[in-house]
Structure formats: C-alpha cells, structure tokens
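Asker: Before anything else, here's the structure in question.
Protein chains: 2
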Amino acid sequence: MSLTSCSNELLASAVCSEGVHPEKELLDWVEKRNRAHNYSVQPVPLEKLSGWHFEASTGNLIHSTGKFFRVEGLAIKTNAGSVHGWMQPILNQPEVGILGFLAKRIDGVLHLLVQAKMEPGNINLIQLSPTVQATRSNYTQVHGGRRPMFMGYFLGEERVRVLTDQLQSEQGARYLRKRNRNVIMQISDDALMQPPEDFRWLTIGQLQRLARQANLVHLDCRSILGGTSLGGADAQEGLSVLLAADTFQGRVLASIRAGDSQVEKSLAEILSWLAHLKCHCEQQVRSLPLKEVVGWKLQDGVIRHETGRFFSIVGMAVQAASREVASWHQPLVKSMDGGIIGLITQMRNGILHFLIQGRTEPGFLDLVELAPTVQCAPANYLQGTHTPLPAFVEFLQAMPRERIRFDTMLSEEGGRFYHSQQRHLVVELEPDVSIEIPPSYCWMSLGQIHECARFNNLLNIELRSILACVPLAGCAN
Amino acid sequence: MSLTSCSNELLASAVCSEGVHPEKELLDWVEKRNRAHNYSVQPVPLEKLSGWHFEASTGNLIHSTGKFFRVEGLAIKTNAGSVHGWMQPILNQPEVGILGFLAKRIDGVLHLLVQAKMEPGNINLIQLSPTVQATRSNYTQVHGGRRPMFMGYFLGEERVRVLTDQLQSEQGARYLRKRNRNVIMQISDDALMQPPEDFRWLTIGQLQRLARQANLVHLDCRSILGGTSLGGADAQEGLSVLLAADTFQGRVLASIRAGDSQVEKSLAEILSWLAHLKCHCEQQVRSLPLKEVVGWKLQDGVIRHETGRFFSIVGMAVQAASREVASWHQPLVKSMDGGIIGLITQMRNGILHFLIQGRTEPGFLDLVELAPTVQCAPANYLQGTHTPLPAFVEFLQAMPRERIRFDTMLSEEGGRFYHSQQRHLVVELEPDVSIEIPPSYCWMSLGQIHECARFNNLLNIELRSILACVPLAGCAN
C-alpha cells in the first residue's frame, strides 16, 4: 500500500483493525486500569457543592474562582423546529479547550495515543479517551493541579505534523457557543516508544471496533475522529486496493471518493442549501439570570424542569487518585434516558449517501450546522404537549434488524454529563425504498461530509459522534 | 478547450478578456446610462433626514419603520492589534441581503449579467454592479418599492445551476456581524437574449479589465468574484492549455493549481494556524446606545470622532428615477481618505504565494478572518497617539513601480458609504527578497485561498475585493 498523503495515512489507519496491541489485551488493560484507580462519585445537593454557589444577584451556579463553567439561563425564540419559544438553563464556559490525539507510525501504520481515563459522569468510569482533554483552565493550571501530560505537543512547544486541527462545536442544546479545538498531531516514529501505563497506541480501526462496545469509546474520541477528513480526492489510488466487494464498509469507502457525477447534489448545491437555511433561520438567543428561567426549579438539590423532562443539573462529589486534582465537587448535566442519534444511509446513483439534517440549536455560533438524520430523546415528546416527534424517529425505531449497520449505547462526555448515554444507530435503507425528505434534510456522500469537516462549525458534535461509528474497518455485521 | 466543471467554466470566463460587447462599447454604454438617469445627491443634516430620527432613549439613528439599518454604539475590548479598547458607532442591519450575478454561456463562454446602477455614495454615480443587490427589505418590499428585477432566479422560483452561493461578511469595522449571500446562478443559454437597457453580458475577464479603471467596478462585484473558487483540483487540464509563459497572470494561474509539495504550508497547517489565532483572540464586543459612545459627537448634522479621524456618518437626500423608489433620505458612512488595501505576492518554491493576514474586526461573526496583507487608512495613525502603523504599510507605499501588478482607486459600497475609496494595490516581490512576517500572517497559494472561499466567514470583504483585481486575463502591465 502506498498511501503517503496525510489524509490517506488516516484512512489506512481507519481500515486497519489490528494494531500493536491485540483487542483482547486492550480490554484487559482497561479492566486493569479500572481496578488500579480508587474513585468514588456520590451525589451532593447543588447547594452543598464545595467551591460552588448560587450567585445572589442572578441565581447562576458559579465556581468560587469564576473559572471552569457556570450554569446560567437562556431564552430562545426561533422559527426552527416545532417549539418556537422556551427558556432553559445552559452551561457557559467561555474558553476553548483542546481535545487532542498524538499520532505516530508503528510498522508503517498510523496509531493514536489513547488514554484510559476516568471521568465522574462516565457509566464505565474508565473510558478510552484522547491523549489530551484539557480546558484552558486545566492547562493554564488555574485550579492549581498538574498540567496534563503531553500538552507541549499541542501548544506549539514541540515539532509536530498537523493532521487535523479545527475548532468544533459542543452540544448546542447544553452549551452556549462552546467550542473545542479537535486536534491530531503526528510525532516522529521513534518518539514515545513506552508510553505511561494509562496510555496505549491504537489504530483508528481498532478504536472503531471498540466503539461497538457500550460506553467504552469516549465522546471526545468520536468528536475528533468523526470531524477528521479521511481520504479525499487523493484517496483514489489507495482506495482501489482497499475496496472490498459487496460489504457495507466497501460502500462507505467508495462514498469517500464519489465523483461529481455520482452524488445527488454537488458541494456547491449543498453549500447553497445550507446558506438558504441560514438565511431563513430567525433565531433570537438571549442570556438571562438563572433565577429568571421560567419552568425550571431547584428541588431536592437538583435543578430540573417542572415536567421532569429535558435534562437536570445534579451535584457530585468525586474522589479519584488518577486525576490532576485528587478530589473535587462539581455540577453535571443528566440527560433524559432513551436518546437516539441515528443516521440513515442509502445507495443512490450507485453511491452510499447519508441523510443529513440542517439543524438549529440555541448554542450554535452560526445558526445551522449539519446534524445526524435523527437527534432526539423521544421521552421529551411523550407527555404534556401534543408536539409531534421529529422526522424519521419512528421510522428509525421500526427498522428491521438486517438494515442495521451499527447499534450501540454510547456516552456523552463524562466531565459535564452524568450517566447520559444515547443509542447510536446507523441504518442502510434498501436501494429501491423511496422516502420523502423535508427541506431541511439533504443526501450527502461521505466525501462531501469530510470536505465540510475541514472547516469549523459545520458538523455538530452528534454528527461527528455517529460518523466515527460508521464502520470503515473489517468490523461490520 | 474542454473545461466542463463549474469552477473551470468560471476560470475560462476569467481568462477571457473579450466578450459579446467590446470594451469600448461597454464604456459608451456606462456613459449613456449616466446621462439617461436624473439623479442628485445633496447633504442633509442627520437631524433633518426624512424618515429617520434619533431614538430618544438610546440616541440610536433609526428608520421610522424600524427596518433598513440603524446606527448604534459598540464597545470593544481586544488583545488584537495595537489599540486594545475603544467605542464607535456601528451599522446594525440584522438581515441577510443577496448580491447575485446571473450567468450564462454565450459562444460557449460564461458571461455575467452586469447592471449599470446608480448608488447615492458612488463617486461615479453609475457603477458596474451585480445583476441583483437586494436587502431583505428590498425584496420583501417593506419600503413599498418595486421588487428588484430577476429576484425569482435567486429565491428558488426558477430553475438555475448554482455556481457559487455563500454567506460572506461585510466590513467588520463598520457593520455588526453583517453578512450577505454572494451568489452566481447559471441560467440556460437561450434565456435573456435581450436584457433590459441597464444590463449587459460580460465575461469575468472583461470585468477584471474594467476594474483597472478608477471607481467603475462596484465592490459587490468584487465581493462575489473574489469569493468565488476558480479552478481547483480539476482545473489542471484546462490550465495546462492556458498557462502563459513568464507573465504575472501565468504565475497567478499556476498558483491556483499548486500541489501539496509546492505550497509553503499545507491547508491543514493553515487551518491550524487560523484555529490557533481564534483560540488566542480575546475579544469582547458589547452593543450599547449610541449616546453612550465616548469620543464621538453629533456636530453640524454629522456624527464624527472628536479627533476627526476614522469615519463619519453623514445624511444625504437622493433623487433618482432609476431606483425602486424615486427619492429618499438616508445616512451614509464617510471613510477617511487615503485608505489602502494591499496584497503582497511572491514566488516561493516556484509558486506564487499571497501574504494573507489573520485579522480580527469587531463585527466579525467568528473572531478572525483572512484579510489582505494591508488594510488600513494611514491617516488614522498620523495624529494624536503614538500608535505605530500596521505591518507592511510603509513597505508597500515605497514599492517601486516595476513591482506593482495592480494599482487602482476603487470604491466602497455606495449604498452605505459616501465617496469612500481605497487604493487597491497588488505587488510582486522579487523572489530572492526575504521579509519577516509576524505570527498573524501566512503565505498561501491562490488555490488554497479559493478552497477557503467556498465556506462562509473565512475571507473578509477587503480580501475578496482585492482578489477580484488580481489579473487572470490578458490585461496586466
């Protein structure tokens, strides 16, 4: 295989489901790291969180240093979706964090340095995480802890090769215009031969295989990988070698290099569709004090909606030997159970297309981002109002087993979300099934999605999360 | 020539300096349109503008309908540039307008439908303008005028081929997060054979040639053309035919298709540099009532800075038979004279590179956009403070004649700016001259700039304005 350009090297790593450590060894290692660390996470009423308090004048939940993040209020008016006005609590963390993988060639194939890392909100406390996840508070050490390992590679202190480096949005329904820098930096082949015990070198294909286990591969890994361009125009030569016969992975690979004559819409048309959606999106987002947010209340030490729907904010006390700080208290967001992130795919004009939604969320910087076909917690729609379920939810839930290409429970980020998981579902419609799509949806090839992934604030985090699960390696059903 | 893809068709039009109308005929036509229209533009004190008033509670200058735009205040704190805090008036026009060209093939070459249009602030009252320039107020007819011609092609009412369609920023130092949709839509070859008398079909190359005449080609033409990807990866075949020997245009053309091994930085590295700039940009922009803006005053019916620098807001009474509304009053921005928009180019690794600035302006949606090497009114720096001139201003002003590739006075948009023009200057350094560049500057190939032009809020309007002047056709010195 002669894949030399950087995107082709990433692609070669993605189709490589074997790395320097066999899968069994990696699972044993995670198990061992789980046992090696002492941790406990216990609920604490928000009023009693050490270091945090409700600010008298606003009711906002803030840290005594003014750093980290704060919970404040948001009022939204919008012409998107079926609900046109509401208020909600929102996380405000006005600093850009770094989510970064180190990468290097081992036996000629790119491997990523994966960390077995504990987060308070993780269902499995240890998850496979990027090399570095650091808020600016972390790496400027405002909380007095240690600087996260390997930061120098991401702060320009060491010589590296940039494979991907882009600001990307976090959850627009929970964060106010929050972005993180999603980064993969390649280091020289002979560096870090013996990484510390919490780190292992894995291929992207191995991470994809492991993503099929519930709540094992951290959202931040999915965020980086799903937002990385694999292949592109110059992938052709490599791909012609790799293209398997008639497998879903083969169709996925072919979708990366789909030509202009094969795609449903040209990229120019897709960008035009997106410009149109942004032009017609009328959205007013206004920050307000948490105490003025109507419909939400502090009850039993938890902030929740009066209907019990949407999400709640809970307090937790954390004890952990393996983190930069040995113990701390913090608020966490608890989402509704039963959330679905679903991606519909279909062979169209002989090329696998992905049904992408142009979606508006209150915390987006630029009104509309590309999102999965379905992104929804159906339980939010069951009681009270007669608001209909969003498009394709029931269609996806009724999908027969043989059309399902990926189906795993995967977690939200455990540093801000408590035991919050979503069903990640990739389905492939039969080629002859015709479905009607609303104007805010669009069929795209994977190559077109990757093209958009290179620029900031185009793919939302839920889309990146599910894209990272679309199987490229030899791990499909 | 077998250029079939859409970007190659645009490129073929750009290198074609002859169209269905010879240049002489076009200049006569502009002259005739100037004579055909009755117009007069007379100053009126802002307090006496019909339909406009200073709102009592805020001091903001607003229209009685609440539509069009308003002049309000802005307070800026930033770590960018040499001045770290100031207040200023700013235009707030929270609606997306459409700047659009219709295009069609004539004798196999793409022509754009250009309008000879009067704007109150134009130095030459009639300028060559896009087919359509319409604010949302215009085309929804809130002011009671006629709907601009050809709108149907841009509002999805007619079948068209999208050549380019992207939201792009307006002047970030004068507008608060304003964007317009920059569009080129191709119609069928047999449509609009006889356009109305104010319209003519021109090739892109003809527009580029005419841009060498002072204040003739409107900023909105330059905005669209400078923000349009020409060529790209698939331009190779066509270009090998077109590449002239050793001319500046030949080097410009070759820069469009520069390969990964020839560029100074890869696109991944450039996007990483931009992500780094955005991460380290600390900017707080706060809207405030105009009457709270310190340092500015209403004097003799004009809003100006107490030093006389920066810009002023003036009132004008307009009489014109050829506009949607026959007469109206409006405020206009008058910039300082002597402004420079300058682009330094240089052969590096055998490829022409452009020295691009990562620039922060208060009205940007996303902190940093790509900007020309120099964008500055030196007069703003001469009096009072000891603030040094921005990088490369004096260097550019001292450039010997034989290094200059383009040098013309071109106007700001005459619908909002009054008699405001800037010297547009493209220079080419000798290949062996070594210059030191600050960290917020970066050498890029034209192909890389075009790649960025496809996505919104990456190229600021001054960069698009000067890019449209970089000669591709046979019109250089």
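Going line by line, the protein sequences match chains A and B. The opening residue of the first sequence carries number 991 in the working numbering; numbering runs sequentially from there. The opening residue of the second sequence carries number 991 in the working numbering; numbering runs sequentially from there. All C-beta atoms, glycine included, are put in the ideal place defined by N, C-alpha and C.
Cβ of A:F1140 less than 8 Å from any chain B Cβ?
Answerer: What you label residue 1140 of chain A is simply residue 150 of the first sequence in a count that begins at 1. Not an interface residue.
Asker: Near B:Y1143, what residues of its chain come up, given a Cβ to Cβ distance below 7 Å and the 5 sequence neighbours on each side ignored?
Answerer: Here residue 1143 of chain B refers to the residue found at position 153 of the second sequence. Excluding positions up to five away in sequence, the list reads L1092, V1150, M1175 and I1177.
Asker: Here's a check: name, in chain order, each residue in its chain whose Cβ is nearer than 6 Å to the Cβ of B:T1335, leaving out the five neighbours to either side.
Answerer: Here residue 1335 of chain B refers to the residue found at position 345 when the second sequence is read from its first residue. Excluding five sequence positions before and after B:T1335, the CB atoms of its chain that fall closer than 6 Å to its own CB belong to L1342, F1344 and E1418, given in chain order.
Asker: Taking 8 Å as the CB-CB cut-off, is A:T1218 touching chain B?
Answerer: Residue 1218 of chain A sits at position 228 when you count from the first residue of the first sequence. It does not: the Cβ of A:T1218 has no partner Cβ on chain B nearer than 8 Å.
Asker: Taking the CB atoms as reference points, tell me whether B:V1416 and B:V1460 lie closer together than 8 Å.
Answerer: By 1-based counting over the second sequence, the position of residue 1416 of chain B is 426. By 1-based counting over the second sequence, the position of residue 1460 of chain B is 470. Going by beta carbons, B:V1416 and B:V1460 fall inside the 8 Å limit.
Asker: For the stretch 1247 to 1259 of chain A, enumerate the residues whose C-beta is nearer than 8 Å to any C-beta of chain B, in chain order.
Answerer: D1250, S1256, L1257, A1258 and E1259
Asker: Check the Cβ of B:F1091 against every Cβ in chain A and list those closer than 7 Å, keeping chain order.
Answerer: Against the second sequence, residue 1091 of chain B aligns to sequence position 101. Ordered by position in chain A, no residue passes the 7 Å Cβ test against B:F1091, which lies about 14 Å from the chain.
Asker: Unbroken beta strand (DSSP E) runs of length 3 or more, entirely within the stretch 1092 to 1135 of chain B: which are they?
Answerer: 1099 to 1108, 1116 to 1119 and 1122 to 1124
Asker: Name the two residues that bound the continuous beta strand (DSSP E) containing A:N1170.
Answerer: Taking the first residue of the first sequence as 1, we reach residue 1170 of chain A at position 180. Where A:N1170 is concerned, the enclosing beta strand (DSSP E) stretches over R1169 to Q1176.
Asker: Pick out whichever of A:F1059, A:I1080 and A:L1102 has its Cα sitting closest to the Cα of A:V1086.
Answerer: Taking the first sequence and counting its residues from 1, the one referred to as residue 1086 of chain A is at position 96. Among A:F1059, A:I1080 and A:L1102, the Cα nearest to that of A:V1086 is on A:F1059.
Asker: Taking a Cβ distance cut-off of 7 Å, strictly less, list which residues of the stretch 1170 to 1186 of chain B are near chain A, in chain order.
Answerer: Within the stretch 1170 to 1186 of chain B, the residues whose Cβ lies closer than 7 Å to some Cβ of chain A are R1171, listed in chain order.
Asker: Using 10 angstroms around the beta-carbon of B:I1425, count the other beta-carbons present and answer buried if the total reaches 16, otherwise exposed.
Answerer: One-based indexing of the second sequence puts residue 1425 of chain B at position 435. Under this definition B:I1425 is an exposed residue.
Asker: Tell me the DSSP bridge mates of B:P1079?
Answerer: If you number the second sequence from 1, residue 1079 of chain B lands on position 89. Its beta-bridge partners are B:G1063.
Asker: Kindly indicate if chain A contains any beta-carbon less than 8 Å away from that of B:F1445.
Answerer: Counted from its first residue, the second sequence places residue 1445 of chain B at position 455. Yes, B:F1445 lies at the interface with chain A (some Cβ there is under 8 Å from its Cβ).
Asker: Got a sec? Which residues, its chain only, sit under 6 Å from B:R1212 by beta carbon, not counting five neighbours each side?
Answerer: As a working mapping, residue 1212 of chain B is identified with position 222 in the second sequence. So the qualifying residues of the chain are S1455 and A1458.
Asker: Note down, in chain order, each residue of its chain lying with its Cβ closer than 6 Å to the Cβ of A:T1154, except the 5 sequence neighbours on either side.
Answerer: Residue numbering aside, residue 1154 of chain A sits at position 164 when the first sequence is read from its first letter. Same-chain partners within the cutoff: I1174 and T1218.
Asker: With DSSP as the reference, label A:L1264 as helix, strand or coil.
Answerer: The residue given as residue 1264 of chain A occupies position 274 in the first sequence. The answer is helix: DSSP assigns A:L1264 an H, G or I state.
Asker: Rounded to a whole number of angstroms, what is the C-alpha to C-alpha distance between B:V1152 and A:S1251?
Answerer: Counting from one through the second sequence, the residue named residue 1152 of chain B turns up at place 162. Counting from one through the first sequence, the residue named residue 1251 of chain A turns up at place 261. Whole-angstrom Cα-Cα distance: 15 Å.
Asker: Can you list, in chain order, the residues of its chain with a C-beta nearer than 6 Å to that of A:L1100? Leave out the 5 residues immediately preceding and following it.
Answerer: Start at 1 with the first residue of the first sequence, and residue 1100 of chain A comes out as number 110. Excluding sequence neighbours, A:L1100 sits near E999, S1003 and A1093.
Asker: Which residues in chain B have a C-beta closer than 7 Å to the C-beta of A:A1480? List them in chain order.
Answerer: Not covered by the structure: residue 1480 of chain A. The range shown for chain A is 991 to 1467.
Asker: Could you pull the start and end residues of the alpha helix (DSSP H) that A:K1485 belongs to?
Answerer: No answer is possible for residue 1485 of chain A: the residues shown for chain A start at 991 and end at 1467.
Asker: From B:D1327 to B:L1209, what distance separates their C-alpha atoms?
Answerer: For this step, residue 1327 of chain B is matched to residue 337 along the second sequence. For this step, residue 1209 of chain B is matched to residue 219 along the second sequence. Spanning the two alpha carbons is a distance of roughly 17 Å.
Asker: At a cut of 8 Å, does the stretch 1018 to 1035 of chain B reach the stretch 1107 to 1123 of chain B through at least three beta carbon pairs?
Answerer: yes
Asker: For B:L993, decide whether its Cβ has a neighbour in chain A, counting only Cβ atoms nearer than 8 Å.
Answerer: In the second sequence, residue 993 of chain B corresponds to position 3, counting from 1. Per-residue confidence for B:L993 stands at a pLDDT of 37, beneath the threshold of 50, marking its modelled position as unreliable; the derived number appears in the next sentence. It does not: the Cβ of B:L993 has no partner Cβ on chain A nearer than 8 Å.
Asker: Return the Cβ separation of A:P1033 and A:V1304 in integer angstroms, given the expectation that the two are a contact with Cβ distance under 8 Å.
Answerer: Position 43 of the first sequence holds residue 1033 of chain A. Position 314 of the first sequence holds residue 1304 of chain A. So it is a contact: roughly 6 Å between Cβ atoms.
Asker: Is there at least one Cβ from chain A nearer than 8 Å to B:D1356's Cβ?
Answerer: The count along the second sequence starts at 1 and reaches residue 1356 of chain B at position 366. Residue-level contact check: B:D1356 touches chain A, since one or more beta carbons of chain A fall below 8 Å from its beta carbon.
Asker: Does the CB of A:L1100 have a neighbour CB from chain B at under 8 Å?
Answerer: Indexing the first sequence from 1 puts residue 1100 of chain A at position 110. Chain B contact via Cβ: absent.
Asker: Verify whether the separation of the beta carbon atoms of B:L1157 and A:A1265 is less than 8 Å.
Answerer: By one-based count along the second sequence, residue 1157 of chain B stands at place 167. By one-based count along the first sequence, residue 1265 of chain A stands at place 275. Note that the C-beta distance between B:L1157 and A:A1265 is below 8 Å.
Asker: Taking C-beta to C-beta, are B:I1214 and B:L1036 nearer than 8 Å?
Answerer: Along the second sequence, read from residue 1 onward, the residue named residue 1214 of chain B stands at position 224. Along the second sequence, read from residue 1 onward, the residue named residue 1036 of chain B stands at position 46. No, Cβ-Cβ distance for B:I1214 and B:L1036 is not below 8 Å.
Asker: Give the straight-line distance between the Cα atoms of B:K1038 and B:I1293, rounded to the nearest whole angstrom.
Answerer: Residue 1038 of chain B sits at position 48 when you count from the first residue of the second sequence. Residue 1293 of chain B sits at position 303 when you count from the first residue of the second sequence. Using only the alpha carbons, I get a separation of about 13 Å.
Asker: B:Q1198: buried (16+ other C-beta within 10 angstroms of its C-beta) or exposed?
Answerer: To locate residue 1198 of chain B, count along the second sequence from 1; it is residue 208. Buried.
Asker: What are the boundary residues of the beta strand (DSSP E) that A:A1361 is part of?
Answerer: Taking the first residue of the first sequence as 1, we reach residue 1361 of chain A at position 371. Start and end: E1359 to A1361.
Asker: Would you list, in chain order, the members of the stretch 1267 to 1292 of chain B that have their beta-carbon closer than 8 Å to a beta-carbon of chain A?
Answerer: K1268 and C1269
Asker: Report the residue from B:E1296, B:E1015 and B:D1236 whose alpha carbon sits nearest the alpha carbon of B:Q1078.
Answerer: Position 88 of the second sequence, counted from the start, is the residue given in the question as residue 1078 of chain B. Of the candidates B:E1296, B:E1015 and B:D1236, the one whose C-alpha sits nearest the C-alpha of B:Q1078 is B:E1296.
Asker: Kindly identify the DSSP beta-bridge partner or partners of B:P1033.
Answerer: Sequence index remark: in the second sequence, residue 1033 of chain B carries index 43 (1-based). The bridge partners DSSP lists for B:P1033 are B:M1306.
Asker: Under 7 Å Cβ-Cβ, which residues of chain B neighbour A:V1086?
Answerer: Within the first sequence, numbered from 1, the residue matching residue 1086 of chain A stands at position 96. Simply C1269.
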